[in-house]
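This report concerns only the one structure given below.
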Amino acid sequence: MINLEPTNKMNQVKGSMNGMAKGILRPIARKYDEQEHEAPKELDMFRSIKIMNRSKKKKEGEEKKADAPSGGGKKLGSNLAMVISIEEMCWGDLGLVLSLPNAGLGNAAIVAVATDEQFERFGSKWASMAITEPGSGSDSGSITATAKLDGNEWVLNGEKIFVTCADRCDIAVIWATVDKKAGKSGIKSFIVEKGTPGFSLDKLEHKLGIRASDTGTYVLQDCRIPKENILGSAEVKQTTEGFKGVMKTFDNTRPLVASMALGVSRAAIEFTKEKIEESGITLDYNANPNNCSSLEKEFYLMEANNEAMRLLTWRAAWMMDNGEFNNTEASMAKAKSGRYGTLICQKCCELLGPLGISCENLTEKWMRDVKICDIFEGTGQVQHLIVARNVLELSSKQLK
Amino acid sequence: MEDRDFSFGMSEEQRTMKETVGRLAKSVVSDSTHDMDEKRAIPTEFIQKVWDLGATISAIPEEFGGYGMEYSPLMNTIILEELAFCDMSLAIAATLPSTFMFPILEMGTDEQKKKYIPLYCDATYKPCTVAINEPRFKFDAISLETKAEKKGNAYVLNGKKCFVPMAKDAGHMLVAANLDGAMNLFIVAKDNPGLKIGEREKNIGMYALETYGVTLENCEVPASDRLGGEQGCDYARFLQKSRTAISAIGTGISRASFEYARDYSKERQQFGEPIAFRQAIAFMIAEMAYEVDAMRLMTWKAASALEAGRDAKRESYLSKLYAGEMTMKITDYGVQILGGHGFIRDHPVERYYRNGRGIAVLEGMATV
Chain D
663 MINLEPTNKM
673 NQVKGSMNGM
683 AKGILRPIAR
693 KYDEQEHEAP
703 KELDMFRSIK
713 IMNRSKKKKE
723 GEEKKADAPS
733 GGGKKLGSNL
743 AMVISIEEMC
753 WGDLGLVLSL
763 PNAGLGNAAI
773 VAVATDEQFE
783 RFGSKWASMA
793 ITEPGSGSDS
803 GSITATAKLD
813 GNEWVLNGEK
823 IFVTCADRCD
833 IAVIWATVDK
843 KAGKSGIKSF
853 IVEKGTPGFS
863 LDKLEHKLGI
873 RASDTGTYVL
883 QDCRIPKENI
893 LGSAEVKQTT
903 EGFKGVMKTF
913 DNTRPLVASM
923 ALGVSRAAIE
933 FTKEKIEESG
943 ITLDYNANPN
953 NCSSLEKEFY
963 LMEANNEAMR
973 LLTWRAAWMM
983 DNGEFNNTEA
993 SMAKAKSGRY
1003 GTLICQKCCE
1013 LLGPLGISCE
1023 NLTEKWMRDV
1033 KICDIFEGTG
1043 QVQHLIVARN
1053 VLELSSKQLK
Chain B
98 MEDRDFSFGM
108 SEEQRTMKET
118 VGRLAKSVVS
128 DSTHDMDEKR
138 AIPTEFIQKV
148 WDLGATISAI
158 PEEFGGYGME
168 YSPLMNTIIL
178 EELAFCDMSL
188 AIAATLPSTF
198 MFPILEMGTD
208 EQKKKYIPLY
218 CDATYKPCTV
228 AINEPRFKFD
238 AISLETKAEK
248 KGNAYVLNGK
258 KCFVPMAKDA
268 GHMLVAANLD
278 GAMNLFIVAK
288 DNPGLKIGER
298 EKNIGMYALE
308 TYGVTLENCE
318 VPASDRLGGE
328 QGCDYARFLQ
338 KSRTAISAIG
348 TGISRASFEY
358 ARDYSKERQQ
368 FGEPIAFRQA
378 IAFMIAEMAY
388 EVDAMRLMTW
398 KAASALEAGR
408 DAKRESYLSK
418 LYAGEMTMKI
428 TDYGVQILGG
438 HGFIRDHPVE
448 RYYRNGRGIA
458 VLEGMATV
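From first to last, the protein sequence lines are chains D and B. Under my numbering, the letters of the first sequence match residues 663 to 1062, in that order. Under my numbering, the letters of the second sequence match residues 98 to 465, in that order.
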């Protein structure tokens, strides 16, 4: 039965995560925005916490069972709990959340596809994910980095850019092709440990926002890694199942990115509300929007859009918890959230006037930070494409 | 309050109701929505057939002639969306007795319930209506210009109302008026000499729905017909429910426009291929798809709060605001995707575009 009233448990998770965000992340948000590339040592305490872990029951090759709330229980699904937590933490600071140890995209990939033996070796390490190349962004099927088997070792060559936590991580999950002719089905991922000869960090980027998070370039030059460091099967199948499997990881992470935009834009909305109310205006959701001032109506619209973003995001996560296929809904959440998160933060800066431009407040920073949510893990345009193909039932050849 | 599971999924009952209403509306109206609009009338038997489904009556207690089933704002949003998906005029006409009876049931005195509900809780559809909107610039449902004054054992109403659906045939109407700064609802009988039903209105949309201007001229209403008696009623709650209902209607119209444009874009060939193969069109379709869903979820969110008996002021306000803005955007996209053909009345998207304009403007025309 439909019920969108948050349960006590959901409110508890929200409350405790908000406490953490307020107590730990917010106070150092500006500091690490200004000190780009400096590792936030305040986050070291999270090292021991396994943010991403696989359930003990999970066995190799077995599909993850849906974490569905059972009949009488008031169990909170893990994906819904995750998007609620991410929103709260990103309300604290997005750049710092992306810098949380052992919680990188690489870790998500290891949790999802590593063998038990690999999980034993790498499960407790901080893993970055290296996919993007100078010539390969949204079209991740076109990557050119290569992996060649030479005896008991893979030899990797190529360049990887825009790697999150490139400097701070322990290991990297590198995407490379084992057979260029095989196209997407030749693409595999490999675990490369820091310090491996031939593997180097070339540079760290200077960015618009999320400056607390380090973004770097890796260069692989005849980098040799053990044969067993390949994630998943080494076999090149004629189908693109393997590649699709990896892309499926993104069905799960898209709602997370959507909740990042949700958290950042809510922070901006709340700050703006505080300032509006300080000036003596009551926002009481009562008068006809046409009789409100332009400022009030703009504010209500931002709030409405923020709520719409949240509901689309929660729905995608809830479906995942219930074992429902959510490819369309996950993209809907990210398409809406990435775009409107950005518009909301821009609007807050506008409504705040000089206060919105000044670095005395965090709003200008939120406007810079939130922009990434409409870009990484599939740009807003890619999300629209996925939604459109699904609702129009068109193939990627028909709708390019 | 019991802590219910948080869920986006419909129950068996909700799904069945959605499918039944959808199927019924389609079978009743079939392809005559266009004719209804052109002829500016909804055939009485269409309204009766929707009424026969018993969605309104079922939520009314047995003592007043209903079936005494559980009253559910959520279920009502589902029903309204389905009806509006078929036709907005039909959705408002067929649920009009709920708009009159539900506030009485929730906030009326025992005497009011006994007197008025059995009159309309009947196997035959009998029109009764609600008069909220006023024909003036800066109209606001929370500060009405229609005034009520206490005089002896009666209230005297003065003012002008507009968009009063089916006023000419309605036996009774709920009239919203300002009583010393507090908004109130009064039950006014058709034969009240102070009640003047004006000409049938001509509006941008909902051609099929009869709406009238109504003038209240020293209209004396017995004190016992002030909704809720001496304490008056919870007018804020009344607004919350109507705002949620209008959001549901907006979702229905928008979905209709989205689905029509989606299907059309796959049929329509230009430059040697369906226009849906072009991102310029496909991205509009994608946006329509997630905005329709977002509208529905916002509506469900407000209805969930109402269902839990909680104050839904913020949720219902934001939901209606969102539905108003997005219905305009989506129904505009609908016309735009069809291009010149969208401007021609042979396709329904122009009607959705005209009808959709009402969502942001109208208040109190439906309830959950």
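The beta carbon of each residue, even a glycine, is placed where N, CA and C say it ideally should be.
Cα-Cα separation between residue i and residue j, rounded to whole angstroms
i	j	result
B/A416	D/A966	For the sequence presented, residue 416 of chain B should be read as Ser rather than Ala. For B/S416 and D/A966, the distance between alpha carbons rounds to 7 Å.
D/L918	B/D408	30 Å
B/P194	B/T141	14 Å
B/Y357	B/G119	16 Å
D/L1056	D/T934	42 Å
B/H131	B/H438	15 Å
B/K258	B/D277	19 Å
B/T113	B/T153	16 Å
D/K856	D/D755	27 Å
D/G785	D/I686	26 Å
D/T839	D/K850	6 Å
D/A844	D/A807	14 Å
B/E231	B/A273	10 Å
B/F234	D/N950	12 Å
D/A789	D/L811	23 Å
B/K287	B/A267	7 Å
7 Å Cβ cutoff, residue i in contact with chain B
i	result
D/K998	yes
D/R977	yes
D/P888	no
D/W837	no
D/M964	no
D/Q1060	yes
D/E749	no
D/H1046	yes
D/A792	no
D/A970	yes
D/M994	yes
8 Å contact criterion, which residue i and residue j should meet: CB distance rounded
i	j	result
B/L180	B/A138	Going by Cβ atoms, the distance from B/L180 to B/A138 rounds to 17 Å, so no, they are not a contact pair.
B/I382	D/V1053	6 Å
B/A391	B/F182	Rounded, the Cβ-Cβ distance is 16 Å, inconsistent with contact.
D/W980	D/G739	7 Å
D/R1071	D/Y694	Look at the range of chain D in this structure, 663 to 1062, and you will see that residue 1071 of chain D is not part of it.
Heavy atom of the ligand SAH within 6 Å of residue i beta-carbon
i	result
D/S798	In the structure on display, the ligand SAH does not appear, and there are no ligands present to speak of.
Under 9 Å from the C-beta of residue i: neighbouring residues of chain B
i	result
D/P668	F103
D/L1056	K363, P371, A373, F374, A379
Chain-ordered chain B contacts of residue i [CB-CB under 8 Å]
i	result
D/V1053	R359, I382, A383, A386
CB contact below 7 Å: residue i versus chain D
i	result
B/F374	yes
B/D237	yes
B/K115	no
B/Y419	yes
B/K398	yes
B/S401	yes
B/L435	no
B/A405	yes
B/S108	yes
Under 7 Å by beta carbon: chain B residues contacting residue i
i	result
D/A1050	A379, F380, I382, A383
D/L973	A391, L394, M395, K398
D/D951	Looking at the sequence shown, residue 951 of chain D is not Asp but Pro. Those within 7 Å of D/P951 in chain B are L418.
D/M682	Within chain B, no residue comes near D/M682; the closest Cβ sits about 22 Å away, beyond 7 Å.
D/E936	The contacting residues do not exist; D/E936 stays about 17 Å from chain B at best.
is_contact[residue i, chain E] using C-beta, thresh 7 Å
i	result
D/I664	Among the chains of the structure shown, chain E does not appear; the protein chains present are D and B.
Where residue i meets chain D, residues with beta-carbon distance less than 7 Å
i	result
B/S339	Simply none; closest approach about 13 Å.
B/R411	Y947
* Count the CB pairs spanning the segment 168-176 of chain B and the segment 398-409 of chain B that are closer than 8 Å, and state whether there are at least three. => yes
* **Touch test, the segment 287-294 of chain B against the segment 235-251 of chain B, Cβ-Cβ under 8 Å, three pairs minimum** => no
* Count the CB pairs spanning the segment 202-214 of chain B and the segment 430-441 of chain B that are closer than 8 Å, and state whether there are at least three. => no
* Touching or not, the segment 1025-1037 of chain D and the segment 984-1000 of chain D, by the rule of three or more beta carbon pairs under 8 Å? -> yes
* Cβ contact check for the segment 862-869 of chain D and the segment 1010-1028 of chain D: 3 or more pairs under 8 Å -> no
* Decide yes or no for the touch test of the segment 739-750 of chain D against the segment 784-795 of chain D: beta carbon pairs closer than 8 Å, at least 3 of them. => no
* **the segment 360-378 of chain B touching the segment 937-955 of chain D, judged by at least three CB pairs closer than 8 Å** => no
* Asked: Can we say the segment 878-887 of chain D touches the segment 821-838 of chain D, given the rule of at least three CB pairs closer than 8 Å?
  -> yes
* Asked: Okay, do the segment 447-455 of chain B and the segment 293-311 of chain B touch, 3+ Cβ pairs below 8 Å being the bar?
  -> yes
* Do three or more CB pairs link the segment 980-993 of chain D to the segment 1040-1049 of chain D at distances below 8 Å? -> yes
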